[in-house]
Structures are given as structure tokens and as C-alpha cells.
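In the working numbering, the protein residues as written are 6 to 370. Where is the CB? At the ideal position from N, CA and C, for every residue including glycine. The model shown is predicted, which means the values in this text are computed figures rather than measured ones. Contents: one structure, followed by commentary.
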């Protein structure tokens, strides 16, 4: 069933590319969201772990939690997208609809992966699928935001790839068969060569942390979130960051299995505090509501990193905050998109009477 969960959005993306009916393409999004949500509900109701030892795909407690967050978020954004795309016929939907469907597939692949290589592929392909979504408005600012997103994201993904190579090399000189399968790494953690494992963790943290939006490689977020449509910002802030956080947690799991959890926690605390500091400085000076939400996202990613860095009950708090942040940011970006359309402005100084004009969106924001 996990394979179906990954592949059926790709099939719908192919249909969307050839379907001549404009409104019909848009409706593929909530159809995909509903099917995905239904399949996730069936999977989550099955007792016990669905992560057989040695498998490349599977569900454990962490992946179940992230699926529980991303699937309802996507469904809500898909429903929003039908009306939004209906109002933006000038831009067309032959590109954005397939990209949104591929984005769902690649996020799912990363979430259910039990192999670090497959996880890397999933996170990388989310970048490729989401870049055209940021460029949707096709103006100077959106193309600048897209290029910044691609360049900084590519740096992060390249660093994560180096991290994978270092982790593999950590096993090479110990007589362990080299494997990036998660269960194998967790079992053989105490045998891994420490210098290479430590280097691998640092690169994985910075690489996947870039996709989370952790400082110092967070500069893509304000531009990407600021120029993307509201539902795209919601998916990036609530979905993609959750997937990237899961990737960071996988690296932390390996460090814990190797007995080096303290080093991992110190690194997370450092990046988390840096993210909080930078976000606090820039967020209060932002007149643009979407860019303000972007810096808020940087701040909340820092909170997640600090929670994992502290450990204990703070880990539970970080996971709870993951759910809270994803759903709250989703609502805020969808509301910000409505406000932007209604007032033809994203600047706080030019938005007056939002609650009167848009009771739901204004109230939620």
C-alpha cells in the first residue's frame, strides 16, 4: 500500500498534463488529497510498526506522525486550490497542477523511506517539484525567489549527499557491509567510525536543515514564501519543513544508536538558538505579511531543533509543536493569500478592516 501511496499522485499528474479540461485538472488535486488521506487513515489504523527490517519503505512512529500532519494539510490546500486556480485562469494550470501532485508523491516518498539514499532522493525531488510553484506569478520577484530557492536548496542537498557518503565511509573500515538502510545503521551504530560519523551528521544536519529553513542557510524562505501563492506557502511551511525535520531526526537516530547523542544535541541547540535570534531580529521589521510568516517559520524550526537538542520531555514537546506549526502555518498562509487577493497588497500598513471584509480569513490571521 505504501507503493500505491507514492505512485498514484504521479499517475494523476500524467493525466493532468494531457487533460484538456481546465477545471477538470484543478479537481484532480482534491481527488488526490482525498485518496491520499483515506489511504493514510487505513495505514494509521493498522496496529504495530509497518517497517520490516531491511525494507526500503516502511512506517514507524515518526513517519506516522509526519503523514498524519502532511496528508490533511495537503487535502485542505487542494480544496483551496480549486477556487484559487479558477480565479487565476490567466496563469493557466497545466504546470501547477502536475507539480502539486508530484510534490505530494515526493513528500510521501521521503516520509515512508527506510533508506537514507531514498530519503535523499525524496527530499531532492520535492525541490524540483516545488520550484515551478514558486514561479507561478511569473514576475521579476518570483523568478528571483525561485532561483534563490533552487541555488540554496541545491547547496543543502549537496551537503546532505556528502553527509551520506561520510556515513557510508564510517562503516567501510569496520568490516560492516556498507549500507544506508536505516535499520542496518541503527543496529550497527556502535561499530561506526566516529570521525566519519560525526562529519556525516554535521553535513546531514546542515543539508537537511537548509530545507527546514534553519539558519544560516534560511535566506530562501522569505523570498519563496513571499512570492508563492498562499496554498504553496502553506505546503512549504507546513509540509516540506516537516519532511526535512523528519530527515534530520533520522540522522539524530543514527547518532543515538552510535552513543553520540550529546554531540547531536549540542549541534541542534546551536542552530536552533541561531535561528531564533535571526528570526527575532528580522521578523519584527517585516511589513510584508508573507515574509513575516516566513521568518516566523524560521523561528519555529529553531524551536523544533532546540526541543530535540534538549531531549527528554522537550522531544515530545518538539513533536507536538511540529503538528501545531504545520497546521497553524497552513491556516495562516491560506488566510494571507485571501487577504492579499482582497486588498491587492501584502503590506500590513495597507490592510485595514480585514476582519470585516473577510471574517474567516481575517479572524484566523
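Put simply, of 276, 229, 291 and 251 the residue whose alpha carbon is nearest the alpha carbon of residue 136 is 229. For residue 234, there is no enclosing alpha helix (DSSP H), since its DSSP letter is neither H nor E. The region 63 to 133 contains, as complete alpha helix (DSSP H) runs of 4+ residues, the segments 66 to 92 and 101 to 117 (chain order).
The straight-line gap separating the alpha-carbon atoms of residue 264 and residue 195 is approximately 7 Å. Around residue 177, the same chain offers 183 as residues with beta carbons nearer than 6 Å, after the five sequence neighbours per side are excluded.
For residue 41, the uninterrupted alpha helix (DSSP H) segment begins and ends at 27 to 50. Secondary structure at residue 258: helix, using DSSP grouped into helix, strand and coil. The residues 246, 249, 250 and 306, in chain order, have a CB closer than 6 Å to that of residue 217 in the same chain once the five nearest residues on each side in sequence are set aside. In the DSSP assignment, residue 177 falls within the alpha helix (DSSP H) that extends over 145 to 177.
Residue 63 and residue 117 do touch by the CB rule: their CB atoms are close to 7 Å apart, below 8 Å. For residue 188, the uninterrupted alpha helix (DSSP H) run begins and ends at 187 to 192, by DSSP. Under a 10 Å Cβ-count criterion, residue 276 is classified as buried, with 16 or more other Cβ atoms of the shown protein chains found around its own Cβ. Here the alpha carbon of residue 278 sits roughly 21 Å from the alpha carbon of residue 164. Distance from the Cα of residue 71 is smallest, within the candidate group 346, 340 and 324, for 324.
The beta-carbon separation of residue 252 and residue 115, rounded to 7 Å, stays under the 8 Å limit for a contact. Relative to the Cα of residue 69, the nearest Cα in the group 96, 52, 34 and 260 belongs to 52. Under the 10 Å beta carbon count, residue 270 is surrounded by 16 or more other beta carbons and is classified as buried.
At a Cβ-Cβ threshold of 8 Å, residue 82 and residue 331 do not count as neighbours. Under the three-pair Cβ rule at 8 Å, the region 278 to 287 counts as touching the region 304 to 318. Here residue 225 has 153, 154, 157 and 158 as same chain residues with Cβ atoms under 7 Å from its own Cβ, once five neighbours each way along the sequence are excluded.
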